[in-house]
Amino acid sequence: MAKGIVVYYSRSGNTKEMAEIIAEAMNEANLPTECKSVDKVKAADLLIYDAIVIGSPTYYGNMAGALKRLIDDWVGSHGKFDGKVGAAFTSSANIGGGNETTIMGIIKAMLIAGMVVQGDPQGDHYGPVSIGKPDERVRRQCAGRGRRVAELAGKLAD
Ligand SMILES: Cc1cc2nc3c(=O)[nH]c(=O)nc-3n(C[C@H](O)[C@H](O)[C@H](O)COP(=O)(O)O)c2cc1C
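In my numbering, the protein residues as written are 4 to 161.
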């Protein structure tokens, strides 16, 4: 059976809260999913998952260094992420604070690894974005993204 993981880095809890909502939605949509801080995850651990969702605070328009290190370590397993479902999300302080470039940085790495990333024509297009602490809108975006990831992973596993 397919399974998923949400990996996040969070200092003040905003990204972690988003991660937990996304993981809960993935579980509810029948994709058994774990939710882990990046310090508990090694690149090779990720190979057992069919869907990998990564969330970072926006740091100068990029992902946090700990997540970049995890992704850089994928090189040891290059080719083995091919066909896995990927998705990304972020929390930033400001609207226009570099949140979408942060998400795109993660998605670019996923595409290079051969992962399948689905946009969203209705919701936050590249991935959920929270300005500070997640509000009701963000909570809906996270739940919706989690469901979409689970549905896509289910289809690809068939
Ligand atoms: C080193 C550092 C760099 C940051 N850079 C940005 C930035 O470029 N744009 C922005 O809007 N917020 C920036 N922030 C604010 C964080 O993205 C924001 O507070 C986020 O919600 C923190 O997420 P967390 O609670 O998961 O740690 C920065 C914060 C830190 C500590």
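Built from N, CA and C at the ideal position, the CB exists for glycine as well.
Opening and closing residue of the alpha helix (DSSP H) in which residue i lies
{"i": "Thr-18", "result": "17-31"}
{"i": "Ile-115", "result": "102-115"}
{"i": "Ile-74", "result": "68-75"}
{"i": "Gly-149", "result": "139-160"}
Beta-bridge partners of residue i, as assigned by DSSP
{"i": "Ala-58", "result": "For clarity, residue 58 is Gly in the given sequence; the question names Ala instead. Paired residues: Tyr-11 and Phe-92."}
{"i": "Ser-133", "result": "Ser-94"}
{"i": "Val-120", "result": "Gly-89"}
CB of residue i within 9 Å of CB of residue j, strictly
{"i": "Lys-39", "j": "Tyr-63", "result": "no"}
{"i": "Pro-137", "j": "Thr-93", "result": "no"}
{"i": "Leu-34", "j": "Ala-54", "result": "yes"}
{"i": "Met-118", "j": "Gly-149", "result": "no"}
{"i": "Val-120", "j": "Gly-58", "result": "no"}
{"i": "Ala-26", "j": "Leu-159", "result": "no"}
{"i": "Ala-96", "j": "Ile-110", "result": "no"}
{"i": "Asp-76", "j": "Ala-112", "result": "no"}
Terminal residues of the beta strand (DSSP E) in which residue i lies
{"i": "Val-41", "result": "Segment: none, Val-41 is in no beta strand (DSSP E) and carries neither H nor E."}
Cutoff 9 Å: residue i Cβ touching any chain B Cβ
{"i": "Leu-159", "result": "Here chain B cannot be found, since the structure has a single protein chain."}
Do the region 70-88 and the region 124-140 touch if we need at least three Cβ pairs shorter than 8 Å? Short answer: they don't touch.
Does the region 64-80 touch the region 24-31, meaning 3 or more C-beta pairs lie closer than 8 Å? no
Would you call the region 5-24 and the region 143-157 touching, i.e. three or more CB-CB distances under 8 Å? yes
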